[in-house]
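So the structure is just underneath, and the comments pick up after that.
Protein chains: 2
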Amino acid sequence: VTTLHRAEDVVVKNGVATLGPQPTSLIRLLDEIFAGWGSQAGAHEFTLPPILPVSDLAALEVYQNFPHLAMVATTLSTDAAAFTVDEAPDAEIGTDQLMPAGVGLPSAVCYGVYLHLRDRALHDTLVTAVGTCYRNEQRYEGLRRLGAFRMREVVALGSPEYTRSHIDRFSELVLAFATQVGLSVERQVANDPFFDTATPQALWQQVVPVKHEFVVDDLAVASVNEHRTFFGERCGIRQAAVRAPATSSCAAFGLERWVSVLAARYEDDWAAILEVVQQARAAVDTSRKD
Amino acid sequence: VTTLHRAEDVVVKNGVATLGPQPTSLIRLLDEIFAGWGSQAGAHEFTLPPILPVSDLAALEVYQNFPHLAMVATTLSTDAAAFTVDEAPDAEIGTDQLMPAGVGLPSAVCYGVYLHLRDRALHDTLVTAVGTCYRNEQRYEGLRRLGAFRMREVVALGSPEYTRSHIDRFSELVLAFATQVGLSVERQVANDPFFDTATPQALWQQVVPVKHEFVVDDLAVASVNEHRTFFGERCGIRQAAVRAPATSSCAAFGLERWVSVLAARYEDDWAAILEVVQQARAAVDTSRKD
Numbered sequence: 001v002t003t004l005h006r007a008e009d010v011v012v013k014n015g016v017a018t019l020g021p022q023p024t025s026l027i028r029l030l031d032e033i034f035a036g037w038g039s040q041a042g043a044h045e046f047t048l049p050p051i052l053p054v055s056d057l058a059a060l061e062v063y064q065n066f067p068h069l070a071m072v073a074t075t076l077s078t079d080a081a082a083f084t085v086d087e088a089p090d091a092e093i094g095t096d097q098l099m100p101a102g103v104g105l106p107s108a109v110c111y112g113v114y115l116h117l118r119d120r121a122l123h124d125t126l127v128t129a130v131g132t133c134y135r136n137e138q139r140y141e142g143l144r145r146l147g148a149f150r151m152r153e154v155v156a157l158g159s160p161e162y163t164r165s166h167i168d169r170f171s172e173l174v175l176a177f178a179t180q181v182g183l184s185v186e187r188q189v190a191n192d193p194f195f196d197t198a199t200p201q202a203l204w205q206q207v208v209p210v211k212h213e214f215v216v217d218d219l220a221v222a223s224v225n226e227h228r229t230f231f232g233e234r235c236g237i238r239q240a241a242v243r244a245p246a247t248s249s250c251a252a253f254g255l256e257r258w259v260s261v262l263a264a265r266y267e268d269d270w271a272a273i274l275e276v277v278q279q280a281r282a283a284v285d286t287s288r289k290d
Numbered sequence: 291v292t293t294l295h296r297a298e299d300v301v302v303k304n305g306v307a308t309l310g311p312q313p314t315s316l317i318r319l320l321d322e323i324f325a326g327w328g329s330q331a332g333a334h335e336f337t338l339p340p341i342l343p344v345s346d347l348a349a350l351e352v353y354q355n356f357p358h359l360a361m362v363a364t365t366l367s368t369d370a371a372a373f374t375v376d377e378a379p380d381a382e383i384g385t386d387q388l389m390p391a392g393v394g395l396p397s398a399v400c401y402g403v404y405l406h407l408r409d410r411a412l413h414d415t416l417v418t419a420v421g422t423c424y425r426n427e428q429r430y431e432g433l434r435r436l437g438a439f440r441m442r443e444v445v446a447l448g449s450p451e452y453t454r455s456h457i458d459r460f461s462e463l464v465l466a467f468a469t470q471v472g473l474s475v476e477r478q479v480a481n482d483p484f485f486d487t488a489t490p491q492a493l494w495q496q497v498v499p500v501k502h503e504f505v506v507d508d509l510a511v512a513s514v515n516e517h518r519t520f521f522g523e524r525c526g527i528r529q530a531a532v533r534a535p536a537t538s539s540c541a542a543f544g545l546e547r548w549v550s551v552l553a554a555r556y557e558d559d560w561a562a563i564l565e566v567v568q569q570a571r572a573a574v575d576t577s578r579k580d
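Chains A and B are the protein sequences, given in the same order.
Position 266, counted from 1, in the first sequence is what the working numbering calls 266; the numbers after and before it change by one each time, with no gaps.
Position 159, counted from 1, in the second sequence is what the working numbering calls 449; the numbers after and before it change by one each time, with no gaps.
Written out as structure tokens, the structure reads:
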């Protein structure tokens, strides 16, 4: 007789994860901490649509820049009264039984933010949201690389000074927190797959790198990204104070990746992890008040 | 100049919702309350995969029973080097540019529970999880009927006595809580679209109705469902104490629907709603300790 025991805390199969009670508590706690940093800086928390129109994502150049990573959603062609699906493992529903795809499963949370704020003039604004992100990767690897995972983002929109200070603030927080939880972390310049090498954006990025990753055990657990006016221009978001497109920047946290590096560091001792994370949260809060 | 003001608290378009800070807080609070009822009854909280193999869902008869409601996810056929997507509103990606669909977007949270517990012998077990559910409806209506929405479920597995007592316990809780928050609620027998009228299950259900909905303003905000051994048989889940398939039952809460009926009842006064919900939570907890 089996019951719900410890070995089932993390089950990963086909790029998706099932988490038991303790990792579920940990992911909630981590999300509260990262969202809390946003709230303390004045962020408005939003709940964003889990699916977005492909036409909206196309306007953000998502499909132009990485179609191979994209996942989309659709419905079944029910005029096929003889609709059948094979119960064999790995069975698929053929394209002859699918309808055209009108919506995409986002690969990042912040797309929904820019799309929600289209065509506005904004004062400096901070927004936070958590959501599930989907990426069709060549290979998956435990909690380190999933096809569907949770991401918390804190997004700044407004003047270049504001969106730059957001990056600085969150970089400090990530470094302080990682150190407090006993992880060895490095801030590294990274290439953003969002900007394909064939596009003008990529060229511009090579001149002024705008993505930094926070790397633990060769794994990026967080990143900070300066988009300049890329999304502001595409979504018609302007700075209220001046007649110019808004700049944007975001700090992004891969929640399962934090669980993964913490589980490795503390050998799956979830109680110890929860305690050290709570202590680190308090320590980072205290140091910021000093 | 617009800022993030009150009128943007709830924006619904094409069957998906964007929620501002206050409804986001409310949804989190409601979820904590419903999950808390589970935890107080000994539930293990799981995080379930947001996508499930279509072969697994097929084995649960999801596509047989309601293919028209189903949403599936797939990737793009990138051998189409000439991949294009129209940025016109309502543009779709044609099936000639899609790969076969290997995964489904679940229409209920509890499928993931049964699939995770496949082929086990269990003592009486309570599991809770929250997730996004997807339904391709004929029409959508504000937060009352969405194509993608959040559902909290508390699922019981084990003996018939246990799964029945779960339903009784949660029925009382829902009725008490709804009354405390000032909503007029009715418990109604309902048809479960899961069991199509053409299947033997439906016939059996007409004899012994197994779904009850809790209806506010003609809207089901929660339901309790007794599945007998339907999922136990299909997933090979057995009762540990006897050589028989496990029975299952679930209590399900449509989180946006609670937001919708509460917003209507209190005329979008989110501060008042948050307060009355906190008070109701405490009152229900107190009455249960008596």
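Ideal Cβ positions, reconstructed from N, Cα and C, are used throughout, including at glycine.
Item                                                                                                                         : Value
C-alpha gap between cysteine 525/B and aspartate 346/B, whole angstroms                                                      : 9 Å
Exposure of valine 479/B, with buried meaning 16 or more beta-carbon neighbours within 10 Å                                  : exposed
Cβ shell of valine 393/B (< 7 Å), same chain only, five flanking positions each side left out                                : Ile341, Leu342, Pro343, Val344, Val362 and Ala363
Opening and closing residue of the alpha helix (DSSP H) in which leucine 465/B lies                                          : 450-470
Where glutamine 428/B falls: helix, strand or coil (DSSP)                                                                    : coil
Any non-hydrogen atom of the ligand MG within 8 Å of glutamine 239/A CB                                                      : Ligands displayed in this structure: none; no statement on the ligand MG is therefore possible.
Cβ separation of glycine 305/B and alanine 466/B, assumed to be a contact under 8 Å, to the nearest whole Å                  : Contact flag wrong, Cβ pair sits at about 32 Å.
Residue-chain proximity (methionine 441/B, chain A), Cβ-Cβ < 9 Å                                                             : no
Leucine 552/B versus lysine 303/B: straight-line alpha-carbon distance, rounded                                              : 20 Å
Three-state class that DSSP yields for phenylalanine 231/A in the structure shown                                            : helix
Contacting residues, own chain, Cβ-Cβ under 7 Å from alanine 59/A (five flanking each side not counted)                      : Arg234
Proximal chain A residues relative to glutamate 431/B, where beta-carbon distance stays under 9 Å                            : Ordered by position in chain A, no residue passes the 9 Å Cβ test against glutamate 431/B, which lies about 16 Å from the chain.
Complete runs of the beta strand (DSSP E) confined to the stretch 5-71 of chain A [at least 3 residues]                      : 10-13 and 16-19
Proximal residues to histidine 327/A (C-beta, below 8 Å), its chain only, five neighbours per side dropped                   : Outside the modelled stretch of chain A, which goes from 1 to 290, sits residue 327/A, for which no answer is possible.
Residues, ordered as in the chain, of the stretch 349-370 of chain B that lie near chain A by beta-carbon distance below 7 Å : Ala349, Tyr353, Pro357, His358, Ala360, Met361, Val362, Ala363, Thr364, Thr365, Leu366 and Thr368
Beta-carbon spacing of valine 210/A, glutamate 226/A below 9 Å                                                               : yes
Chain A contact for glycine 526/B (CB, 9 Å cutoff)                                                                           : no
Limits of the alpha helix (DSSP H) - the one that serine 550/B falls within                                                  : 545-555
Neighbour flag for leucine 564/B against chain A, beta carbons, 9 Å                                                          : no
Endpoints, beta strand (DSSP E) assigned at leucine 395/B                                                                    : 393-395
CB contact below 9 Å: threonine 18/A versus chain B                                                                          : yes
Cα-Cα separation between threonine 75/A and leucine 146/A, rounded to whole angstroms                                        : 24 Å
Among Ser449/B, Gln387/B, Pro390/B and Ala307/B, the one whose alpha carbon lies nearest that of alanine 531/B               : Ser449/B
Chain A contact for asparagine 304/B (CB, 9 Å cutoff)                                                                        : yes
Amino acids of chain A, ordered along the chain, whose beta-carbon sits closer than 8 Å to that of asparagine 515/B          : In chain order: nothing, as chain A lies at least about 21 Å away.
7 Å Cβ shell around glutamine 22/A - same chain, five flanking residues per side excluded                                    : Asp9 and Trp270
Neighbourhood of arginine 383/B by C-beta, 8 Å cutoff - its chain only, sequence neighbours within 5 removed                 : According to the sequence shown, residue 383/B is isoleucine rather than arginine. Around isoleucine 383/B: Leu366 and Val375.
Interface positions of the stretch 108-120 of chain A facing chain B (Cβ-Cβ less than 8 Å), listed along the chain           : Gly112, His116 and Arg120
Cβ separation of phenylalanine 460/B and alanine 541/B, assumed to be a contact under 8 Å, to the nearest whole Å            : 4 Å
Within-9 Å CB hit, threonine 163/A to chain B                                                                                : no
Residue from Met99/A, Thr24/A and Glu256/A with nearest C-alpha to glutamate 141/A                                           : Glu256/A
CB contact below 9 Å: aspartate 508/B versus chain A                                                                         : no
Close-in-space but distant-in-sequence residues of the same chain around alanine 244/A (CB under 7 Å, 5 per side omitted)    : Arg238
Minimum Cβ-Cβ distance from threonine 576/B to chain A less than 9 Å                                                         : no
Buried or exposed by the 16-neighbour rule on C-beta atoms within 10 Å, applied to proline 89/A                              : exposed
Beta carbon proximity, serine 315/B to chain A, threshold 9 Å                                                                : yes
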